[in-house]
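Chemist: One structure is given below, represented as C-alpha cells, and several questions about it will come after.
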Amino acid sequence: MREAVHRHFPGGVDLFFDNVGGEEIDAVLTNMAVGCRIVLCGAISQYNISEPSNLYGVQNLPLLIFRSARLQGFVADFGPRNHVVDNLLDDLTQRGQLIARTHVVDGFENVPDALALLLNGKNRGKLLAQV
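Counted from 1, the sequence shown has number 27 at position 28 by numbering that gives the first Met the number 0; the numbering is strictly sequential.
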C-alpha cells in the first residue's frame, strides 16, 4: 500500500478523505506532503474485528508533526443544509467533475456477501444491493 501511494503521489498527498483506517491511513501518513490535510470519516477496516489484539495500530502519527499536517474527524451532517450539499454533489457529478463509483451486487440472497465485501474493504465504490 505504501509503495502504491508513493508511486501515484510522488510529491506527497495533499488531502486524504479516509473511510477505511488501518493500513491505508498509515500508507498516507508515510507519504504526506507538507501541510497535508487528512479527514477521518470512518474506519471500516476495523469495525468487524472480534479480538482487540487484531486491531491495526497506526504507527506513523508523529509524521503529522514533521509535515505540519492536520488530522480531523468528520461526520457528514449538515443539518438543514443537507439539501445544499446534495445539490452541489449532484451538479459536480453531472458535469463530470466528481466521479462516483458504484459496486452493485445482484439479488437479495447476496446481501450477506455484499456486507462481507463492505466489512473486508473489497468493494470498489459505493456498495449497493439490487433486489
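Note that CB positions come from ideal geometry on N, CA and C, so glycine has one too. A quick note: this is a predicted structure, and the numbers were derived from the prediction, not measured.
(1) By the DSSP assignment, the beta strand (DSSP E) with Arg123 in it spans what residues?
(2) The beta strand (DSSP E) with Thr101 in it runs from where to where?
(3) Would you list the one or two residues that DSSP bridges to Arg36?
(4) Could you check if Leu14 is buried or exposed, using at least 16 other CB atoms within 10 Å of its CB as the buried criterion?
(5) Is it the case that the Cβ atoms of Cys35 and Asp17 are separated by a distance below 9 Å?
(6) Let me check one thing: in DSSP terms, what residues is Met31 bridge-paired to?
(7) Measure the beta-carbon distance from Leu127 to Val103 and round it to whole angstroms, keeping in mind my assumption that it falls under 8 Å.
(8) Is Gln129 helix, strand or coil when you go by DSSP?
Modeler: Put simply:
(1) Position 124 of the sequence shown, counting from 1, holds the residue named residue 123. Counting along the chain, Arg123 sits inside no beta strand (DSSP E), nor does DSSP assign it H or E at all.
(2) As a working note, residue 101 is residue 102 in the sequence shown. For Thr101, the uninterrupted beta strand (DSSP E) segment begins and ends at Thr101 to Asp105.
(3) Stepping through the sequence shown from its first residue, residue 36 is reached at position 37. Arg36 pairs with Leu14 and Arg69.
(4) Position 15 of the sequence shown holds residue 14. Around the beta carbon of Leu14, fewer than 16 other beta carbons lie within 10 angstroms, which makes this residue exposed.
(5) Here the question's residue 35 lines up with position 36 in the sequence shown. Here the question's residue 17 lines up with position 18 in the sequence shown. It is not a contact, given that the beta carbons lie outside the stated cut-off.
(6) Numbered from 1 along the sequence shown, position 32 holds the residue referred to as residue 31. Listed as beta-bridge partners of Met31 by DSSP are Val12.
(7) Against the sequence shown, residue 127 aligns to sequence position 128. Against the sequence shown, residue 103 aligns to sequence position 104. Leu127 to Val103, Cβ: 5 Å. Contact.
(8) On the sequence shown, position 130 is the one that residue 129 refers to. Judged by DSSP in its simplified three-state form, Gln129 adopts strand.
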